Structures are given as structure tokens and as C-alpha cells.
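This report refers to the structure that appears directly beneath it.
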């Protein structure tokens, strides 16, 4: 399944790229969830991010590995895949893309995932979509609203 969210910001792509830090990641915590960053190596291939995520008292570990990064004339970004995922996810690939524009940049949340239970696929997609859509406010506060 696919989720694609585009968020325009005032900052240029280099500023946004340099702003993808542990501190920003902590601010991107989805509403009504808990998020504890256990390990955050960075955004370079080979780096890992270890999380404990939860809703109410139900907590799960999530481990992602950065598998790719790029910086070209059009775009900067990096990709992570899920190594250990919450029980409801079977696979996860997330491309963090920053499109270079003449006036600012556009942060693109480009996600491919497969739910573990097909019967819940539309529900899981909707929940994930809303969680990632909520990042718009944080990104625009951090990098400026276009």
C-alpha cells in the first residue's frame, strides 16, 4: 500500500536536510501516541533508528535501517526500511524526500507498507495517513510555512 504526502515549506532543501535531526524526529510524534527514541544514528546508509511506540499502555518496538540516501539537482533524501515492526505491519519502506524548489522546498512523505492483516488494511492505511499528515504543522513551524 502507498501513502504520499507533500508539504511545502519556506526553507531551502539544504536547510531542511540539515534539520532532519533526533530533536525534530521527537517533535514528529503522532498525536495520541507515545514515542521513545532508544537509538538514533542519523540519516546515512547503515544508520539505525530504534523506537518504542505505543498507544495508551500498549507499546511496541520499531527498528528501521537507513538503506539509501541521495542528493541531486532535483531532490535530497534518504530511505529507511523496517527491520522490526509493530505487530500490525508486515513490511515498511519510507522515503524521506525533499524536493528542491526555486522558492523553498517540499517535504515528501513517500511510504510503501504492507499490513499483516488484510482485513485491516484500509483502517491501518487511514490511521497511518492521518499520523503522517499531522507532521505538516511541525514541519511548517520548524522550516517555515510557504
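Numbering (our numbering), first residue to last: 879 to 1024.
Here a beta-carbon is modelled for each residue, glycine too, at the ideal position from N, C-alpha and C.
Note that this is a predicted model, so its numbers are computed, not measured.
| Item | Value |
| --- | --- |
| Provide the residue span of the alpha helix (DSSP H) that contains residue 893, from first to last. | 891 to 897 |
| From this set, 968, 955, 943, which residue's C-alpha is nearest residue 995's C-alpha? | 968 |
| Could you compute how far the alpha carbon of residue 1002 sits from the alpha carbon of residue 993? | 7 angstroms |
| Return helix, strand or coil for residue 922, following the three-state DSSP convention. | coil |
| State the beta-bridge partners of residue 938 as determined by DSSP. | 931 |
| Look up residue 957 in the DSSP assignment and say whether it is helix, strand or coil. | strand |
| Relative to the C-alpha of residue 906, which candidate in 980, 1011, 1024 has its C-alpha closest? | 1011 |
| If I measure Cβ to Cβ from residue 892 and keep anything under 8 angstroms in the same chain, skipping five residues before and after, which residues do I get? | 954 |
| For the alpha helix (DSSP H) containing residue 992, name the first residue and the last one. | Taken as a continuous stretch (DSSP letters only), residue 992 belongs to no alpha helix (DSSP H), being part of the beta strand (DSSP E) at 983 to 993. |
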